[in-house]
Amino acid sequence: MSKGAQAAAVTLRCLIPAQKAAPTPPVGPLLGARGVKSMDFCKEFNAKTGHLIAGVPTPTQITINPDRTFSFTTRSPPTTHLLKKVAGDLEKGTGQPGHETIATISVKHIYEVARIKCLDKDLEAKGIENVARSVISTARNMGIQVVDQQQQQQQQQNVANDFKSKLEINPQPQEISEDEQDLPQSDSDGEPAEFPEINADSSDSENADDDADSLDDYDSDDDTSLASFSSVPSTSSNVSDFIEKATKKPDETDYYAQPPKQKLGFEATARKVRSEATGEDKTVYREIDAGYGSDSSTEEQQNATGDVPAEWYEDMPHIGYDINGKKILKPATKDELERFLEHTEGEADTVPSKNMQQDIKLTPEELQLIRRLERGQMPDDAFDPYADQVEFFTGKGKEMVMPISGAPEPKRRFLPSKWEHEKIMKIARAIRAGRIVPNKPKPPPKPAFYAIWSNTDEHTPHVMDAPAPQEPPPKTIESFNPPPEYLFNDQERKEWEETEEQDRKLKFMPQKYSNLRLVPAYANLLKERFDRCLDLYLAPRVRRTKLNIDPESLVPKLPSPRELKPFPIYNAISYTHGSRVRSISVDPTGVWLASAADDGLVRVWELAVGRCAYSWNVGEGEPVQSVEWCPDKEVSLLIATSEKQVTVLSPLPILTNEVAKNSAARADFAFANPQAGATKTPEIRYSRPNESQRENGVLVKIEVPGTPKQVVWHRKGDYFATVAGDAGSKSVLIHQLSKHQSQAPFKRSKGSVQKVQFHPTRPQFFLVTQRYVKLYDLVQQTLLKTFLPGLRWLSSIDVHPSGDNLIVGSYDRKVCWFDIDLGDKPYKTIRYHNRAVRAVKYHPTLPLFASSSDDGSVQIFHGRVYDDLSTNALIVPLKVLKYHTLSSGLGVLDLHWHPTQPFLFSAGADGVVNFYSH
1 MSKGAQAAAV
11 TLRCLIPAQK
21 AAPTPPVGPL
31 LGARGVKSMD
41 FCKEFNAKTG
51 HLIAGVPTPT
61 QITINPDRTF
71 SFTTRSPPTT
81 HLLKKVAGDL
91 EKGTGQPGHE
101 TIATISVKHI
111 YEVARIKCLD
121 KDLEAKGIEN
131 VARSVISTAR
141 NMGIQVVDQQ
151 QQQQQQQNVA
161 NDFKSKLEIN
171 PQPQEISEDE
181 QDLPQSDSDG
191 EPAEFPEINA
201 DSSDSENADD
211 DADSLDDYDS
221 DDDTSLASFS
231 SVPSTSSNVS
241 DFIEKATKKP
251 DETDYYAQPP
261 KQKLGFEATA
271 RKVRSEATGE
281 DKTVYREIDA
291 GYGSDSSTEE
301 QQNATGDVPA
311 EWYEDMPHIG
321 YDINGKKILK
331 PATKDELERF
341 LEHTEGEADT
351 VPSKNMQQDI
361 KLTPEELQLI
371 RRLERGQMPD
381 DAFDPYADQV
391 EFFTGKGKEM
401 VMPISGAPEP
411 KRRFLPSKWE
421 HEKIMKIARA
431 IRAGRIVPNK
441 PKPPPKPAFY
451 AIWSNTDEHT
461 PHVMDAPAPQ
471 EPPPKTIESF
481 NPPPEYLFND
491 QERKEWEETE
501 EQDRKLKFMP
511 QKYSNLRLVP
521 AYANLLKERF
531 DRCLDLYLAP
541 RVRRTKLNID
551 PESLVPKLPS
561 PRELKPFPIY
571 NAISYTHGSR
581 VRSISVDPTG
591 VWLASAADDG
601 LVRVWELAVG
611 RCAYSWNVGE
621 GEPVQSVEWC
631 PDKEVSLLIA
641 TSEKQVTVLS
651 PLPILTNEVA
661 KNSAARADFA
671 FANPQAGATK
681 TPEIRYSRPN
691 ESQRENGVLV
701 KIEVPGTPKQ
711 VVWHRKGDYF
721 ATVAGDAGSK
731 SVLIHQLSKH
741 QSQAPFKRSK
751 GSVQKVQFHP
761 TRPQFFLVTQ
771 RYVKLYDLVQ
781 QTLLKTFLPG
791 LRWLSSIDVH
801 PSGDNLIVGS
811 YDRKVCWFDI
821 DLGDKPYKTI
831 RYHNRAVRAV
841 KYHPTLPLFA
851 SSSDDGSVQI
861 FHGRVYDDLS
871 TNALIVPLKV
881 LKYHTLSSGL
891 GVLDLHWHPT
901 QPFLFSAGAD
911 GVVNFYSH
């Protein structure tokens, strides 16, 4: 047996408003947590409580079976809810039971509430008397006083007397006749006092809630009260005597014994006579004339208000006027308890009528029709939808007469004709080919008379007609009175006359005339008309379909730059030099900035304040070509290149002790190792500076052939590469600092090498020549791929931190974005600069990249690379920064990003390094 089958049924109790169950708290979560569809329960509950007034709180017990089916039972509304309604729609009970009275109700209301509670089977067995005692106890705990009709009438009379005494009116006692004294007293509603006083002094220790009923105990206070009252003996004036009197069928003689003034309608004119046949009394009414003046209900409505909208009389005591012009008062409305009892105990055989302002009782035939429609049956019970079939042609005596021969029809007559099929297919093929046009409209009839010389008739073009292109409209220069700037000067006139006729841009010389009368005849008119005729006769024509394309659809939809912040937008700090700055670099910690200038100095700047913290005279008067910080954060090493020399530097005096010690140890490791220093290239020599230079931060000097223009580090911080375009086959060198070894990876020159770059994640090496970008595998020493930018002269390169994309700048004002996995052609080509592009750079951590140019501008782009390989990179232009001035035709020479923040640094030929912030 499964685990679900062994589980027992779950019982839930809650208080739900009638006809308003919805899959919201508390019903939705209560049932949804147990796998029951709350919408199904709400539909069944609303249907079952359709006889109740909408919104009445209904105690409900729900049983959920192991197979997620459910059943539920409902009980009568809580006693406290009914008491609050009869007491005048109280919001809640009193907070001091026994000390404060907030409302007064009569014994009649107690009886009505008890009758409603007796609808529950368990309370019905206890008797209405005990239920009424429980209701009285609950009312007392809520602060509601229970009085009989006489007390309530006396209280109202006392209030009226007090009010009259305040107005100084002496009420006169009314005389009561003996007949009226014998009549039963009436309550405030004009009804006989059918319910006597109930002994409401007995009480128990029940604690009732002020404003809420228990949701799980179903009026447990009622059961407790019934148990406490079960032991109280009943008296002669108990409730049962009056219930019997109230439910006793009235005698007709009581009605006719009333005075004529208390009778209604035709009863007022009725009289008693003795029957001659039976010898007993009988009632005789006046004769009714069923004419137009009759009061019969079949002739006119009781409340004939007509078609006047009822909302016109919402705030008035009447609902209209009758035929005599008298006001028709609004009928008495029933309270909520009376409507509830009418729904539960009364027969559902009436429907409300707005015009008659009363409930109309349905006839048995109408009720039977409604019941049949509810059960999905035929409205007319005499109609049989399943009657036997009437055999009109095969019945007895109705047989069809067969042919004389009696031979059956041959089979071929029931098969489709082969020849008809071929004929139909022939017609269908002709329709598809257009030879037959079904429902072809008839041509319009030709007119009997038409105008021979009229040119208004439209010419029907041929199917293969291609209209000739129109001549271009005349330009301003062809005017007889053109503006002065369109006229030739002496030099232009001489050039036009010396140029061959077929090479002239203009076939005529523009001239100026003061008026049109002075314009001579055009000498080239006949020649131009002849050439036009030749073009129309000999030149081939092609009909070109004009593409109807929305230009906005061709523009890529890019996100707004406001959504892509942060990125650099303004110049925050400027670091001023005395000469042209060729290269800059930011250390991996983001604290120091190194710059190389033409005055031979390498400066270290503090980024936060723009202070020059340290400097070295590396070039000794010659320009320093390039600087680059080591990417290892444990050391602070800086490489600077100058003419035939590479220098390893470290600002030891401004570093912490630990970082300074690690930096010096990293540079001096190869000098302490006797096996180091055996370089494979004899032209390269490592030397150790003297003691004073080492204290100043000059750690290693390397002599190399040529003048290195670029230096780049490997990501691990041990290898670095230099590029010297004038060194021939040794233009590209790879150095190892820990072993003081250098090697030339290429035996032969690979062309004019511009830049090199290490792959950020794989052992691969990018080599940029004048027109190509080549990717090499350093382990296998093979060429992997050659990228074709399609540019004439490449100037710079940078690889994306993910290693799957790269950007290349060129001197012909373009920037190319390559996707390594996509192919060898550029994914995007960007041309926003007006002059040569000098540097391109990716941000190490953010989706940003930048390019600088000799036009003095720095352009910021958003370049997002997605992890999904099927999605191409997103490139969005963000900002153009122009804070550099041109010097000798040069603009911004180098760029560098902050390692973590959206900060950008640019070095210009004007001797200024700018710090751009967001």
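In terms of the UniProt record's numbering, the sequence shown opens at residue 1 and continues consecutively.
We put the beta carbon where it would ideally sit given N, CA and C, even for glycine.
Label D490 either buried or exposed according to how many other C-beta atoms from any shown protein chain fall within 10 Å of its C-beta, with 16 as the threshold for buried.
exposed
Measuring alpha carbon to alpha carbon, tell me which of D910, W897, P902 and I427 ends up nearest L886.
D910
Going straight from the alpha carbon of L904 to that of I584, what length do you get?
11 Å
Suppose contacts are defined by Cβ-Cβ distances below 8 Å. Is W592 in contact with V604 by that definition?
yes
Roughly how many angstroms separate the alpha carbons of A744 and K730, rounded to a whole number?
6 Å
Out of curiosity, what's the CA-to-CA distance linking V704 and P682?
10 Å
Between S870, G823 and E471, which has its C-alpha nearest D531's C-alpha?
E471
Nearest by alpha-carbon distance to K785: which of S796, L767, I797 and L791 is it?
L767
Would you kindly report the start and end of the unbroken alpha helix (DSSP H) that includes T80?
T79 to V86
When DSSP labels each residue in this structure, what does K527 get in the three-state scheme?
helix
Start and end of the alpha helix (DSSP H) containing residue 919?
Since the first and last residues shown for the chain are 1 and 918, residue 919 lies out of range.
Under 8 Å between the Cβ atoms of S626 and I684?
no
Are the region 322 to 329 and the region 89 to 104 touching, with three or more C-beta to C-beta distances below 8 Å?
no
Leaving out five residues on either side along the sequence, give the residues of the same chain with a beta carbon under 7 Å from the beta carbon of F488.
W496, M509 and P510
Just curious, the alpha helix (DSSP H) that S636 is in, first and last residue?
Counting along the chain, S636 falls outside any alpha helix (DSSP H), and DSSP gives it neither H nor E.
Shortest alpha-carbon distance to I830 belongs to which of H421, T845, I807 and P844?
I807
R762 and G803: beta carbons closer than 8 Å?
yes
Smallest Cα separation from I64: which of F41, P57, V86 and K48?
F41
May I ask which residues mark the beginning and end of the beta strand (DSSP E) holding K879?
L874 to L881
Measure the C-alpha to C-alpha separation of R835 and R792 and round it to an integer number of angstroms.
14 Å
Can you check which of these residues, V880, F70, R432 and A9, is closest to Q859 by C-alpha distance?
V880
What is the DSSP secondary structure of Q693, reduced to helix, strand or coil?
helix
L341 versus T350, V753, A667 and L119, residue with shortest Cα-Cα distance
L119
Using a Cβ-Cβ cutoff of less than 7 Å, which residues in the same chain neighbour residue 921 once the five nearest sequence positions on both sides are dropped?
Here the chain comprises residues numbered 1 to 918, so residue 921 is not present and cannot be evaluated.
Just the C-alpha distance for A9 and T73, rounded to the nearest angstrom, thanks.
15 Å
Roughly how many angstroms separate the alpha carbons of residue 920 and N914, rounded to a whole number?
Since the first residue of the chain shown is 1 and the last is 918, residue 920 is not available in this structure.
First and last residue of the uninterrupted beta strand (DSSP E) at R603:
L601 to E606
Just to confirm, are G55 and K85 a CB contact at a threshold of 8 Å?
no
Please state whether DSSP places D503 in a helix, a strand or coil.
helix
Candidates K92, S579, S650 and L564: which alpha carbon is nearest V624's?
S579
For the region 447 to 454 against the region 475 to 489, are there 3 or more C-beta pairs whose distance is under 8 Å?
no
Got a sec? Which residues, its chain only, sit under 8 Å from T900 by beta carbon, not counting five neighbours each side?
G590, P844 and T845
Which of helix, strand or coil does DSSP assign to L536?
helix
Could you tell me the boundaries of the beta strand (DSSP E) in which N617 lies?
R611 to N617
Can you tell me whether DSSP reads I436 as helix, strand or coil?
coil
Rounded to whole angstroms, what's the CA-CA distance from residue 934 to K423? Just pull it up for me.
Nothing about residue 934 can be reported from this structure: the residues present for the chain run from 1 to 918 only.
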